[in-house]
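In order, the protein sequence lines correspond to chains A and B.
Take the first sequence: its letter number 36 is residue 36 in UniProt numbering, and every next letter is one higher.
Take the second sequence: its letter number 123 is residue 123 in UniProt numbering, and every next letter is one higher.
We put the beta carbon where it would ideally sit given N, CA and C, even for glycine.
For reference, the structure discussed in these notes is given below.
There are 2 protein chains.
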Amino acid sequence: MGLVVQKYGGSSVADAEGIKRVAKRVVEAKKNGHQVVVVVSAMGDTTDELIELAEEVSPMPSGREFDMLLTAGERISMALLAMAIKNLGHEAQSFTGSQAGVITDSVHNKARIIDVTPGRIRSSVDEGNVAIVAGFQGVSADKKDITTLGRGGSDTTAVALAAALDAEVCEIYTDVDGVFTADPRVVKKARKIDWIASEDMLELASSGSKVLLHRCVEYARRYNIPIHVRSSFSGLQGTWVSNEPRGDQPMEQALISGVAHDTSEAKVTVVGVPDKPGEAAKIFRAISDAEINIDMVVQNVSAATTGLTDITFTLPMTDGKKAISALERTKDAVGFQSLRYDDQVAKVSLVGAGMKTNPGVTATYFEALSKAGVNIELISTSEIRISVVIRADEVNEAVRAVHTAFGLDSDSDEAVVYGGTGR
Amino acid sequence: MGLVVQKYGGSSVADAEGIKRVAKRVVEAKKNGHQVVVVVSAMGDTTDELIELAEEVSPMPSGREFDMLLTAGERISMALLAMAIKNLGHEAQSFTGSQAGVITDSVHNKARIIDVTPGRIRSSVDEGNVAIVAGFQGVSADKKDITTLGRGGSDTTAVALAAALDAEVCEIYTDVDGVFTADPRVVKKARKIDWIASEDMLELASSGSKVLLHRCVEYARRYNIPIHVRSSFSGLQGTWVSNEPRGDQPMEQALISGVAHDTSEAKVTVVGVPDKPGEAAKIFRAISDAEINIDMVVQNVSAATTGLTDITFTLPMTDGKKAISALERTKDAVGFQSLRYDDQVAKVSLVGAGMKTNPGVTATYFEALSKAGVNIELISTSEIRISVVIRADEVNEAVRAVHTAFGLDSDSDEAVVYGGTGR
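Below, the structure is given as structure tokens:
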């Protein structure tokens, strides 16, 4: 029995009852002979309350102080969890990100982990303690300032510690039963996936699936750490995410892992761009200078008569305004004709490593959409993903049609709650 | 203009408004050319709320985890204060006790400071920042665990930092205007003291005055740091506490500094103790083994006929039960006759270095009490203090009579709020 890292999100430790329930689950793993390291987020709404306080004292709180403030949240939940575990007769010690050796760069509010030196954690578990570590936080290598890791930070802390401690598995406890073949709120017959390859999970994460964030899966893939996403409310097996299937997992990958959708993006079309070298570069330099991350990019073949082409890309809806002003400023330099902005769009993505060797997938996908009366506006593909942009009000219908067409529907209706993993 | 350490208690930073008011005051000191280090307590009720949470998860929280939990409180207030100061256009950085170099022993919940290595604080203020330090907390020298300093901890942090940074003054901001010649809730005509010698302040603190705790005054006395106790609500000069008066302060000490009273003690009498060497030692060894701190001790001359004597001592009322059981267990070994316990008592103390050279003080004191019809049950004196134990229901009358008798009454009625300094 080796070392297990367990991560519990804010909804799992929202109150004293939740903390006691988590303590029981941790003790169970300990009783089964594992060494256990637990990573916790802040309790329920603590972070929101702290942010509210910050806004009351300053309209633009400094990054360093904001991190100092927010990290109080995990300090509370981790100390309480340690007390609850000790109350069950097992030894436990809590550690801040800094004490746990989570070393980051100095970018406050969204620091990146650059090293993990878990000497104190190793000693603590070797002495028989459950080690509890504050998620989401670290200490900067140069200035020794407290940093936070930004969105999905606690999951990343868990995976990083699992890698540094050479853990058997990193268990991510959340409020859903695992990763599903589609969002169960949309597709009643969505099935829980027992095992999914890391690369498929990465594509799902960047296509709108919210159970695991891309960043955390990428970290786990790089260090070959199996993730087990499961519910902190049920005792059920969840979804295993790993580079290769393990002994008891299917050796052959599913053709299609799942259907993801995303309604948080908008579509920008730059109309009438002169079709000559360097024009597209100017456009995307302007977008990049505005610090906007774009997603899909499509350029049509230019019309022979005019020598002009259209370039379309998608980006987070929240960056729409910024993108349009950035482009307006380059209008003369680029020489395009006009801009179109559309945020009534949705992206539907089909993900599966199996599609590499199965030529019929694209046809089946598009036929399913067509039969459902859904018009495709943009297409973009990777080796293991096909994404289309459609009208936002057709998204549910489209996801259901595709899910059925690829035989992903389960036999029974599942009743599950589906939600984000907090930070 | 040198370095100033300012300490603000929990009531001064109870909400966003309070924090902004404190920020303004800090900036004022900065504008006057001072380098400023600020020590803050947790906001208002934060500590109580955290304690409540701890009690919900465990009936007997571990010391280490309890300290980890409680220290979240200052983390919140200090980060918010830093944001509020930056919002006023001045640079500020917050530091945990550990970052500020407050090194303690390993006694959780009531650690003692054993060293202060304020290198980061010095650098921060030298770079032009206001440095904000979490009060009440430190890090243990051996295990590098987070510790808390117990009651009055934030005041002690402030004085310790002032000493380590060779500050001009340690300003303790509270919700009263300073130290008074008596508790203004009892004596309407009590006067604010402009300057008081450290040794007198020490006696007042151990006699029931709650504005400054003994521990913090003792630390300041040892390192010769002047303390200025003042209100965070008014801009008025408060009370200076120092070993020697400064240039603008009266060179000659007042005869009497003030009258303190304390109703939190109880009186235990061990009746019929054989008057021979070693008996008293046995009694107080039993009390000490029970970890009870006693205050006054009085032994009457033994009655010649019986060879028996009575030993009376006072102790915190909260330890009364424990003391009685400890003594009951030694009854046979000591051979005393019986025990009497009385918690309807009050201690009234007259403090003033002037009494060393003024033989009439004791007489005036007792005459004042006698005229007020107050019976004295016990008397105990130090070089600069005379304490008496009387009936609890006569304490207000006694304090007023003594205050008047020594000419301490002010000409006008003062209207002030008097309260504790939190931690």
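Per the C-alpha coordinates, the member of A:181, A:258, A:241 and A:315 positioned closest to residue 296 of chain A is A:315. For residue 211 of chain B and residue 177 of chain B, the gap between their C-alpha atoms comes out near 10 Å. Residue pairing by DSSP puts residue 316 of chain B in a beta bridge opposite B:265.
With distances taken between CA atoms, residue 340 of chain A lies nearest to A:267 out of A:217, A:120, A:388 and A:267. Residue range 102 to 104 is occupied by the beta strand (DSSP E) that includes residue 104 of chain A, with no alpha helix (DSSP H) assigned at that position. Residue nearest to residue 84 of chain A within the set A:34, A:46 and A:20 is A:20 (criterion: CA-CA distance).
For residue 342 of chain B, the secondary structure class from DSSP, reduced to helix, strand or coil, is strand. For residue 236 of chain A, the secondary structure class from DSSP, reduced to helix, strand or coil, is coil. Under the Cβ distance rule, residue 111 of chain B does not count among the residues neighbouring chain A, no pair being separated by less than 8 Å. When CB distances to chain B are screened at a threshold of 9 Å, the residues of the stretch 136 to 159 of chain A falling below it are 144, 145 and 146, in chain order.
In terms of Cβ geometry, residue 384 of chain A and residue 203 of chain A form a close pair [threshold 8 Å]. In the three-state DSSP reduction, residue 364 of chain B falls in the helix class (H, G or I).
Cα atoms of residue 108 of chain A and residue 148 of chain A: separation of roughly 6 Å, rounded to the nearest angstrom. When DSSP states are grouped into helix, strand and coil, residue 211 of chain B belongs to the coil group. Cβ-Cβ distances below 7 Å link residue 27 of chain B to 85, 88 and 90 in the same chain, with the five nearest sequence neighbours on each side left out; the list follows chain order.
In this structure, the alpha-carbon of residue 198 of chain B lies about 31 Å from that of residue 375 of chain B. The secondary-structure analysis by DSSP pairs residue 35 of chain A across a beta bridge with A:3.
Secondary structure of residue 98 of chain B (DSSP, three-state): coil.
Around the CB of residue 306 of chain A, fewer than 16 other CB atoms lie within 10 Å, so the residue is classed as exposed.
The C-beta of residue 171 of chain A has 16 or more other C-beta atoms within 10 Å across all chains shown, which makes the residue buried.
Using a Cβ-Cβ cut-off of 8 Å, residue 127 of chain B does not count as an interface residue toward chain A, since no Cβ of chain A sits closer than that to its own. If only complete runs of 3 or more residues are kept, the stretch 61 to 100 of chain B shows the beta strand (DSSP E) at 92 to 95, in order along the chain. Contact between residue 163 of chain B and residue 225 of chain B holds, since their C-beta atoms are separated by about 5 Å, short of 8 Å. Looking at the DSSP output, residue 378 of chain A sits in a beta bridge with A:389. When the five nearest sequence neighbours on each side are left out, the beta carbons in the same chain lying within less than 7 Å of the beta carbon of residue 395 of chain A are those of 261, 263, 346 and 348, in order along the chain.
Residue A:157 holds the alpha-carbon nearest to the alpha-carbon of residue 110 of chain A among A:398, A:157, A:243 and A:405.
Cα atoms of residue 124 of chain B and residue 116 of chain B: separation of roughly 16 Å, rounded to the nearest angstrom. With fewer than 16 other Cβ atoms inside 10 Å of its own Cβ, residue 371 of chain A counts as exposed.
With respect to chain B, the C-beta atom of residue 104 of chain A has no partner C-beta closer than 8 Å. Rounded to whole angstroms, residue 366 of chain A and residue 131 of chain A show a C-alpha spacing of 50 Å. In this structure, the straight-line span from the alpha carbon of residue 275 of chain A to that of residue 312 of chain A is close to 14 Å. At least 8 Å separates the CB of residue 399 of chain A from every CB of chain B. The C-beta of residue 93 of chain A comes closer than 8 Å to at least one C-beta of chain B.
Cβ-Cβ separation between residue 34 of chain A and residue 78 of chain A: approximately 19 Å, too far for a contact (criterion under 8 Å). The three-state secondary structure of residue 153 of chain A, taken from DSSP, is helix. Burial state of residue 277 of chain A is exposed, judged by a 10 Å Cβ sphere holding fewer than 16 other Cβ atoms.
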